[in-house]
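**Q** Take this structure first; my questions come after.
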Amino acid sequence: MNEPGPIYIVPIHLPMISLLKPLSEKIAATFHCLTEITSLPINPTSTYDPKRNQYNSSMLLAELITRKPENTYRILGVTDLDLFIPILTFVFGEAQLNGAAAVVSIHRLQNQFYGLTRNDKLLEARLEKEAIHELGHTFGLIHCRSDLCVMNVSTYVEYIDLKTPHFCQSCQKVYNETL
Amino acid sequence: MENKDIGILIVDDELGVRDSLYNWFREDGYMVDTAQDAKEALQKLQQDKWDIILLDIKMPGIDGMELQKRIKQIDTNIIIIMITAYASVDTAVQALKEGAFDYITKPFDPDEMSHLIRNAVAQRKLTTENIQLRQKIDELSRLDEIVGESPSMMRVFELVATVAQTDSTVVIHGESGTGKELVARAIHSNGPRRYFPIIAVNCGALPEGILESELFGHEKGAFTGAQYRRKGKLEMADGGTLFLDEIGNISMKTQMDLLRVLETKQFTRLGGNQVITVDFRVICATNRNLEKAVEEGTFREDLYYRINVFSIYLPPLRERRSDIPLLANHFVQKYALSMNKSITEISPDAMDLLVRYNWPGNVRELENAIERAMVIGKAPSIRPEDLPFQLSAKQSSSKDESLEEMEKIHILNILERMNWNITRSAEILKIDRVTLYNKIKKYGLQR
């Protein structure tokens, strides 16, 4: 049996590339797999909605899936664009439940968005949690009621700060069973 | 009820809206499906059971408002959340008036959505729990607690079943211990008010002042010791049934106050000014002859006529001896279970004693006798020495030991045993049928 490929981490309109290396290490540690930062020719322009001045995350996700390398285990897009799905005002990220792809945005994870002082360490921690959360969905994990579990749903950025970057026992068990 | 047990159906003509909501709820672990129009939604409603429906107001063909009406015809308890754009908020408000749980204006905040769904789920759980509890009440609301197969008790069961469906005031007559409260509870729990409380007031046990305060409640400071406002039994019975036990024992003043309440269904708490309107059914019980009390002037005639709309007579146990073995065995089973004893029966000698005893305290006395016998008795059966009384064959504990009384009781026993078959009863009594008819008439015996 072939070894699974890596989790690809793909920057999409992301000036802060420096965020990806620590993220890549943490994802590798959480999911016990290889990770690889790679660039793909993804143009988000077609996902832009001028009425909302935001980018449609479902369309971006579809773009990622189309362009994913053949040996992809999972693929994670990381962007600084403000993402939305049609029914919601914004999303921090989106994933295919039991699928291969996920996308996260740092747009609303940055303190500056809320008029606060820039804090790169905090941003790194938030990105780590949201990336693991969205990738967790690709392994079939659903939202968890435990406040500390990374799979707890975060509808405000403050909720992201409250949870840990780890799976709770029951989510870890579900994840282990998928392997 | 976990999230995976909750079904959410999304009805919207926009694919983007359907997909994004579908994915959002799936990540929360709900069972989700979508429909692009009313036709598909109605099909899915027939196929599966849905708890929450998210419904777009503006759709081609049958719109959300019309679809809501049709859904409510299929399942009135289903939770409907209307999805609307700013332009149609008025319509959403109209939808709320027609039974929608809430509405949400798109696009909405993720947090707003999460809260709304959590509330809807909580509401759905409560509704489901309420339905289950009602079913449980319906299962329990049978006449099982009242035991008897004698013709006189069968007649009581018929009357209870008939009057339970109405809202009429009932007076239950019967000696102490015949089970008047059980009958009152049976009427309540088989009637339309069964999901509301039955509040019992023992009018005979309370002094006048306390009874008044019990019934009407009081405001803070209404009298010495009234340190806080207290609701009375009349208020507590709102929507349900007020059971006034020993109504024949209340004072003339309380009779007057009670009459006013029964007529207007309005009252004020003691020391209060606020008029409180209540809605309850009244069931009264008495071991007194109220008609006689009216004649004697100790019971108000107008109150008597107000409460005596429908009356049920509970015969004393000595008039339905055929029920004694059934009742005795019922109590043996009951106490064997609660005392965890292996006594399962009553010996023939002990049963003979029970059947022949006159039971002035009626079913209550019989129950107490069996309870006592269960405490002191030994498995496998209750013996005569376990009973609290000893009765020789020649003895009877009837208060009236005249020959006439004995004859009346004996004839009634035989009639009950023969299910009021006159020919067979006359044969056993060794008298002719005409004589038996005459004696039934003379002693006023009834089925």
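Respectively, the protein sequence lines represent chains H and S. Going left to right, the first sequence walks through residues 1 to 179 as our numbering numbers them. Going left to right, the second sequence walks through residues 1001 to 1447 as our numbering numbers them. Here a beta-carbon is modelled for each residue, glycine too, at the ideal position from N, C-alpha and C.
For the region 1106-1135 of chain S, list every residue whose C-beta sits within 8 Å of some C-beta in chain H, in sequence order.
**A** Cβ contacts with chain H: 1106, 1107, 1108, 1109, 1110, 1111, 1113, 1114.
**Q** Residue 1173 (chain S): buried (16+ other C-beta within 10 angstroms of its C-beta) or exposed?
**A** Classification for residue 1173 (chain S): buried.
**Q** If we call anything under 8 Å between Cβ atoms a contact, is residue 1350 (chain S) one with residue 1383 (chain S)?
**A** Yes, the Cβ-Cβ distance between residue 1350 (chain S) and residue 1383 (chain S) is below 8 Å.
**Q** Is it buried or exposed for residue 1357 (chain S), if we count other Cβ within 10 angstroms and need 16 for buried?
**A** Counting Cβ neighbours within 10 Å, residue 1357 (chain S) comes out buried, since at least 16 surround it.
**Q** So is the beta-carbon of residue 1355 (chain S) under 7 Å away from any non-hydrogen atom of the ligand COA?
**A** As for the ligand COA, it is missing from this structure, which has no ligand bound.
**Q** Go ahead and pull the three-state DSSP assignment for residue 1016 (chain S).
**A** Correct three-state label for residue 1016 (chain S): helix.
**Q** With DSSP collapsed to three states, give me the class of residue 119 (chain H).
**A** Coil, per DSSP.
**Q** Quick one: grab the DSSP three-state call for residue 100 (chain H).
**A** Three-state result, residue 100 (chain H): coil.
**Q** What are the boundary residues of the beta strand (DSSP E) that includes residue 171 (chain H)?
**A** Looking at the DSSP string, residue 171 (chain H) is not in any beta strand (DSSP E); the run it does join, the alpha helix (DSSP H), is 169-178.
**Q** Between S:1191, S:1189, S:1195, S:1271, which lies nearest to residue 1229 (chain S) when the distance is taken from Cα to Cα?
**A** The candidate whose alpha carbon is nearest that of residue 1229 (chain S) is S:1271.
**Q** Contact defined as beta carbons within less than 8 Å: I believe residue 1346 (chain S) pairs with residue 1363 (chain S). What is the distance between those atoms, to the nearest angstrom?
**A** Not a contact, Cβ separation roughly 16 Å.
**Q** Look at the Cβ atom of residue 1101 (chain S), then the Cβ atom of residue 1123 (chain S), and state whether they are nearer than 8 Å.
**A** Yes.
**Q** Keeping to the same chain, check which residues put their C-beta closer than 6 Å to that of residue 148 (chain H); ignore five residues upstream and five downstream.
**A** Same-chain partners within the cutoff: 163, 164.
**Q** Between residue 1085 (chain S) and residue 1217 (chain S), what straight-line distance do the alpha-carbon atoms span, to the nearest angstrom?
**A** The straight-line gap from Cα to Cα measures roughly 51 Å.
**Q** In the DSSP assignment, the alpha helix (DSSP H) including residue 1031 (chain S) goes from what residue to what residue?
**A** Per DSSP, residue 1031 (chain S) belongs to no alpha helix (DSSP H); it is in the beta strand (DSSP E), 1031-1035.
**Q** Taking beta-carbon pairs under 7 Å, can you tell me which members of the region 1048-1074 of chain S lie near chain H?
**A** Within the region 1048-1074 of chain S, no residue has a Cβ that lies closer than 7 Å to any Cβ of chain H.
**Q** Based on DSSP bridge pairs, tell me the residues matched to residue 1082 (chain S).
**A** Answer is S:1055, S:1103, bridged to residue 1082 (chain S).
**Q** The alpha helix (DSSP H) that contains residue 1166 (chain S), what's its start and end?
**A** Unbroken run through residue 1166 (chain S): none, as it is neither H nor E.
**Q** Have a look at residue 152 (chain H) and residue 143 (chain H) and give me their C-alpha separation to the nearest angstrom.
**A** The straight-line gap from Cα to Cα measures roughly 5 Å.
**Q** Tell me, please, whether the CB atom of residue 88 (chain H) is closer than 8 Å to any CB atom in chain S?
**A** Judged by the 8 Å Cβ criterion, residue 88 (chain H) is in contact with chain S.
**Q** What residues in the region 1312-1341 of chain S have a beta carbon less than 9 Å from any beta carbon of chain H?
**A** If the cut-off is 9 Å between Cβ atoms, the region 1312-1341 of chain S has nothing near chain H.
**Q** Going by the beta-carbon positions, is the gap between residue 1241 (chain S) and residue 1276 (chain S) smaller than 8 Å?
**A** Not closer than 8 Å, so no.
**Q** So for residue 1267 (chain S), helix, strand or coil by DSSP?
**A** Reduced to three states, the DSSP call for residue 1267 (chain S) is strand.
**Q** Out of S:1288, S:1234, S:1132, S:1289, which one is the CA nearest neighbour of residue 1269 (chain S)?
**A** Here the closest residue by C-alpha is S:1234.
**Q** Tell me which residues of the region 1077-1092 of chain S have at least one Cβ-Cβ distance to chain H shorter than 7 Å, keeping chain order.
**A** So the list is empty, because no residue satisfies the distance condition.
**Q** Going by the DSSP bridge assignment, what does residue 93 (chain H) pair with across the sheet?
**A** Residue 93 (chain H) pairs with H:104.
**Q** Listing by chain order, which chain H residues have their CB less than 8 Å from the CB of residue 993 (chain S)?
**A** Residue coverage of chain S in this structure runs from 1001 to 1447, which leaves residue 993 (chain S) outside it and unanswerable.
**Q** Would the beta-carbon of residue 1422 (chain S) fall within 8 Å of that of residue 1439 (chain S)?
**A** In this structure, residue 1439 (chain S) does not lie closer than 8 Å to residue 1422 (chain S) by Cβ.
**Q** Mind checking which residues open and close the beta strand (DSSP E) that includes residue 11 (chain H)?
**A** That run of the beta strand (DSSP E) goes 7-12.
**Q** Can you confirm whether the region 133-141 of chain H touches the region 54-71 of chain H when touching is taken to mean that 3 or more C-beta pairs between the two stretches lie within less than 8 Å?
**A** Segments in contact, no.
**Q** Are the Cβ atoms of residue 1108 (chain S) and residue 87 (chain H) separated by less than 8 Å?
**A** Yes, the Cβ-Cβ distance between residue 1108 (chain S) and residue 87 (chain H) is below 8 Å.
**Q** Would a check of beta-carbon distances place residue 58 (chain H) closer than 8 Å to chain S?
**A** Yes - at least one Cβ of chain S is within 8 Å of the one on residue 58 (chain H).
**Q** Can you tell me whether residue 1237 (chain S) is helix, strand or coil according to DSSP?
**A** Residue 1237 (chain S) falls in the coil class under three-state DSSP.
**Q** Consult DSSP for residue 1361 (chain S) and reduce its assignment to one of helix, strand or coil.
**A** Coil, per DSSP.
**Q** Just by C-beta distance, which residues in the region 1002-1024 of chain S are closer than 8 Å to chain H?
**A** Cβ contacts with chain H come from 1003, 1014, 1016, 1017, 1019, 1020, 1021, 1023, 1024.
**Q** Mark residue 145 (chain H) as exposed unless 16 or more other C-beta atoms lie within 10 angstroms of its C-beta, in which case mark it buried.
**A** Counting Cβ neighbours within 10 Å, residue 145 (chain H) comes out exposed, since fewer than 16 surround it.
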